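See structure below.
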Amino acid sequence: MIPFRPVCLSIWHACLLLSVRQVKQRSFPSLILLSMRFLWIHAFQLILLSILGSVFTNTNVQAQVKPFTTIYPVAKAWSKNSINAIIFRKNSLVTYKKHQYIAFYDEEGQVVLGKRRLGSENWSLITTSYSGNVKDAHNVISIMVDGTGYLHVSWDHHNNPLNYCRSTKPESLKLGPKMEMTGSQESRVAYPEFYKLANGNLLFTYRNGESGKGNLIVNLYDCKQQKWTTLHDNLINGEGQRNAYIQTTVDKEGVIHLSWVWRSSADVSTNHNMCYARSRDGGHTWEKSNGERYTLPITAGNAEVAARIPPNSELINQTSMTTDDIGNPVIATYWKESAQDVPQYHLIYLQNDSWNVKILPFRKTNFTLSGVGTKRIPVSRPQILASRYGGRSVFYMIFRDEERKGKVSLLKVTNDQNNHWEIIDLFNEDMGAWEPTLDTELWKKKKIVNLYLQKVEQADLEGQTDFPPQMVNVLEWKP
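Per our numbering, the sequence shown starts with residue 622, numbered consecutively.
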């Protein structure tokens, strides 16, 4: 295919150069005689510019311009499944002041921690005494740094006792002994996630129970007292018939936004509906998007439904959410609507006090999520970010798709009636079964994207591959 835009630009520049050269080579009387020729050249330039404009303001553009990115190598790590590069690591990377922290399992299954000064390629790495069952891709490492600089680490969970510790001093990689948080409901932990509040305190969420019949636990860490307390021992109650698979974000005003799909059994195909709740007081009380206060625990009977999605819709669980510049929640996920032949990415967002769904229909390949355990899926779950440009909200959805040869791709979409979107590739190599996780704190403070980047593979039914250790990198991109 001929690169249309570069060709048009080349012709435009050639016309301009021809005009300048002719001006330099002609006397004043000759210039008068050339006036009509210049008018024709100028008209031709305007036509070319008009064509260029139509190409790049058209709705649904797949751009091929490579953005500026920087790669920071770290070390090689376990890659036989997706445990190091799965989306529900909250977080894989985190920045505190001028340093960034990273965590991953090495090829022996040991927990490795790293630290670097922002902008530097030099990492300080330590292999800790802690390890995990890396054969189960659920058993991820999650990290966060609290407001006083202590590093908190949780690892190796899929319905088993809590594994948690923190650094021995601020901004250190040296970890203390394993410890309890509250000592309550810590025997069947899954999906541990840290979130930093505006005052530096931490939230820790996890599922207590098992797929299809578990409850959501929320703990709060007080930096000054260095103590965990239970905020909710059953914030979202599955009533023994279902469980909530969540995604969470904390906006710039400190509001906690929580969304989830329900699952009725261990089979992924039973995922259904997208629900929503928020807290304006650090997680103590919760309300719907209209301000109506929830009676806790939240159940299927009183949950606000942001989007009704039936079972067997290839709806994925545990994706991502963010908020726009005025605090409206935006959720990224994928499913297959009844009138569609393939699953497509969707954005579910609140605007003018009502929920809306924006479909991004660029995919062409069908697949199914039916079954249990971690699966080999041709697309990643999406990571969503929001910014402001030209007076409008702009959303960045980061994903991987085998249709795009497994590259790290980014879809940029404006939140307006034109439904304008474009796709660029941030990294051109096939990343296998990688899913995007990022440094949330760096994005909040500086609007710089830092992604955990590692090629991994994944077999169905919690299987493993023979894939050798691969290099961990941090990919940096500035919008």
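Heads up, the beta-carbon is just placed ideally off N, CA and C, and yes, glycines get one too. Predicted model, so just to flag it, every value in this text is computed and none were measured.
- Around the beta carbon of GLY1053, a 10 Å sphere encloses 16 or more other beta carbons of the protein chains shown; the residue is thus reported as buried.
- In this structure, PHE1088 keeps its C-beta atom at 8 angstroms or more from the C-beta atom of SER713.
- As for any beta strand (DSSP E) of minimum length 3 sitting wholly inside the stretch 824–851, the runs are 834–843, ordered along the chain.
- Contact check for TYR955 against TYR970 fails: the beta carbons are separated by 8 angstroms or more.
- By the Cβ-count criterion, PRO1100 is exposed, with fewer than 16 other Cβ atoms from all chains shown falling within 10 Å of its own Cβ.
- Only residues of its own chain outside the window of five on either side were considered, and among them LEU1047, PHE1048, LEU1096, GLU1097, TRP1098 have a CB closer than 8 angstroms to the CB of THR690, listed in chain order.
- Here LYS1065 has LYS873 as same chain residues with Cβ atoms under 8 angstroms from its own Cβ, once five neighbours each way along the sequence are excluded.
- In the DSSP annotation of this structure, the continuous segment of the alpha helix (DSSP H) that includes LEU1063 starts and ends at 1061–1067.
- ASN977 and ARG1021 have their C-alpha atoms some 24 angstroms from each other.
- Contact check between the stretch 784–798 and the stretch 851–869: fewer than three CB pairs, one atom from each, fall below 8 angstroms, which does not count as touching.
- Counted as a single uninterrupted DSSP element, the beta strand (DSSP E) harbouring ALA698 occupies residues 690–698.
- Looking at the DSSP output, TYR812 shares a beta bridge with no other residue.
- Counting along the chain, the unbroken beta strand (DSSP E) around PHE1016 starts and ends at 1013–1021.
- Residue TRP881 holds the alpha-carbon nearest to the alpha-carbon of ARG929 among ARG914, VAL889, TRP881, PRO950.
- In the DSSP annotation of this structure, the continuous segment of the beta strand (DSSP E) that includes TYR1073 starts and ends at 1070–1074.
- Taking one beta carbon from each stretch, the stretch 920–935 and the stretch 886–901 have 3 or more pairs nearer than 8 angstroms; the two touch.
- Beyond the five residues adjoining it in sequence on each side, GLY904 comes within less than 7 angstroms, by CB distance, of LEU824, VAL839, LEU841, LEU852, ILE877 in the same chain, given in chain order.
- Judged by DSSP secondary structure, PHE1088 falls outside any beta strand (DSSP E); it is assigned neither H nor E.
- Setting aside the 5 residues that flank it on each side, CYS844 is surrounded in the same chain by ASP767, GLY768, THR769, GLY821, ASN822, each with a C-beta closer than 6 angstroms to its C-beta; the list follows chain order.
- Annotated three-state conformation of THR891 is helix, per DSSP.
- ASP902 and THR1035 have their C-alpha atoms some 30 angstroms from each other.
- Under the three-state reduction of DSSP, ARG914 is assigned to strand.
- Sorting GLU1023, LEU837, GLY875 by C-alpha distance to the C-alpha of PHE988 places GLU1023 at the top.
- DSSP links ILE764 through a beta bridge to VAL774.
- In the three-state DSSP reduction, ARG1025 falls in the helix class (H, G or I).
- Contact check for TRP1055 against LYS1076 passes: the beta carbons are separated by less than 8 angstroms.
- Collapsing the DSSP output to three states places ILE723 in a strand.
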